[in-house]
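Encoded as structure tokens, the structure appears first; notes follow it.
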Ligand SMILES: Cc1cc2nc3c(=O)[nH]c(=O)nc-3n(C[C@H](O)[C@H](O)[C@H](O)COP(=O)(O)O)c2cc1C
């Protein structure tokens, strides 16, 4: 309806220029997103840029990088917390782990092989490296190509050799991975995702927080360099004011649940990650495992998308874990399969994340 109203406005001629200036240009956005994903060069700024291309919750990019001698620290940026969906900073630390996985690969590819570990205060990650020969890894090449693809996939199954490769890539001490590819259990996962989505969409605080992080058009996505760009989820560009109205009036549980059901039904499988313990160290490890899983998937021509509703809605965690015979707190749920490439999500300039 709103897109139609916008189109009518554009048809008036004077409206076209106003609309264009309010939403910005998709071609410009694509050049911006490609620049962020430019090839890896040997400088540390490029290594940090590759780290920031990691998956992260709501694309808040809750990190700061400190460069000192032969070490890089990744510290949480607590201004970028999402207290409603993530009250205990679980997702925030998982996001830091995702960045650490990219950092480790990119640093090694530029001749800085090393190891990531928890900082002494338990609140960050320290990557210590030594200079040597560059180490090529196909996962590094996948860093600028990976994306969260919130689209329908084509229903094709993933060959078992590829499933084994995904498991190998994600093998991190302290993290276990359950792969679900049979329809009976995928349907159970779908049901808890839908239940979680309904709880979240009926929670005004969740919806207020989510709305703050949505970027409804290329102009606002480029201006902030963060957040959830509507085109990255396959939605049309709207001026921000119209986007807010559309979000409040048109975004509804029934429609969203139909979308999620179709998306999960079209996927080849679901991956559920479990850390051994619920602490910063293990949440970071889960992030590393998940990011490596996503990179291996990208290399194999697979797409992934997070469906974390039954993690974020605490009452559903036990039901989700039980589907794969686990009793621990589940940390992440990701679906995978073969699907289209959507517009890439934005990132902030590297200079703004180096402390
Ligand atoms: C811990 C964590 C939780 C996430 N939860 C969700 C989620 O529930 N739903 C979703 O669509 N994306 C989720 N994402 C994906 C992020 O929104 C995505 O990584 C971010 O917007 C950047 O986009 P990109 O992955 O395409 O680079 C999550 C990512 C992380 C690391």
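Numbering (this note's numbering), first residue to last: 7 to 361. Where is the CB? At the ideal position from N, CA and C, for every residue including glycine.
Below 7 Å between beta carbons: does that hold for residue 289 and residue 133? no
Residue 156: CB within 6 Å of a non-hydrogen atom of ligand 1: yes
Unbroken alpha helix (DSSP H) runs of length 4 or more, entirely within the stretch 136-161: which are they? 144-148
Quick one: grab the DSSP three-state call for residue 215. helix
Ligand 1 heavy atom lying under 6 Å from the CB of residue 153: For ligand 1, at least one heavy atom lies less than 6 Å from the Cβ of residue 153.
Hey, is the stretch 107-114 in contact with the stretch 85-92, meaning 3+ C-beta pairs nearer than 8 Å? no
Check the DSSP bridge columns for residue 121 and list the partner residues they point to. 134
With a threshold of 6 Å, establish whether the CB of residue 101 neighbours any heavy atom of ligand 1. yes
Start and end residues, beta strand (DSSP E) containing residue 341: 336-343
Is residue 276 helix, strand or coil by DSSP? strand
Three-state secondary structure (DSSP) at residue 317? helix
Validate contact between the stretch 282-299 and the stretch 100-110 using beta carbons, cut 8 Å, 3 pairs: yes
Could you give the C-beta distance for residue 360 and residue 38, rounded to a whole number, given that I count them as a contact under 8 Å? That pair is no contact at about 20 Å.
Tell me the DSSP secondary structure of residue 74 in three-state form. strand
For the stretch 71-86 and the stretch 309-325, state whether three or more C-beta atom pairs, one from each stretch, are separated by less than 8 Å. no
Can you tell me which of the three DSSP states residue 330 falls into? coil
Limits of the unbroken alpha helix (DSSP H) element including residue 38: That run of the alpha helix (DSSP H) goes 32-42.
Using a Cβ-Cβ cutoff of less than 7 Å, which residues in the same chain neighbour residue 30 once the five nearest sequence positions on both sides are dropped? These residues qualify, in order along the chain: 223, 224, 225, 228.
DSSP three-state call for residue 251: helix, strand or coil? helix
For residue 312, list the residues DSSP reports as bridge partners. Under DSSP, residue 312 takes part in a beta bridge, and its partners are 340.
Spatially closest choice to residue 418 from 217, 144, 120, by CA coordinates: This structure leaves residue 418 out entirely; the chain is present only between 7 and 361.
Secondary structure at residue 281, three-state DSSP: helix, strand or coil? strand
Bounding residues of the alpha helix (DSSP H) (the contiguous stretch that carries residue 267): Where residue 267 is concerned, the enclosing alpha helix (DSSP H) stretches over 259-271.
From residue 171 to residue 128, what distance separates their C-alpha atoms? 31 Å
Near ligand 1: residue 263 beta-carbon under 6 Å from a heavy atom: no
Does the Cβ-Cβ distance between residue 343 and residue 273 come in under 7 Å? yes
Considering only residues of the same chain and omitting the five flanking positions on each side of residue 298, which have a CB-CB separation below 6 Å? Correct list, in chain order: 107, 175, 176.
Pick from 156, 152, 117, 131: whose alpha carbon is nearest that of residue 141? 117
I want to see whether chain D comes within less than 7 Å of residue 159, judged by CB atoms only; does it? Although the question refers to chain D, the structure presented lacks it and comprises just one protein chain.
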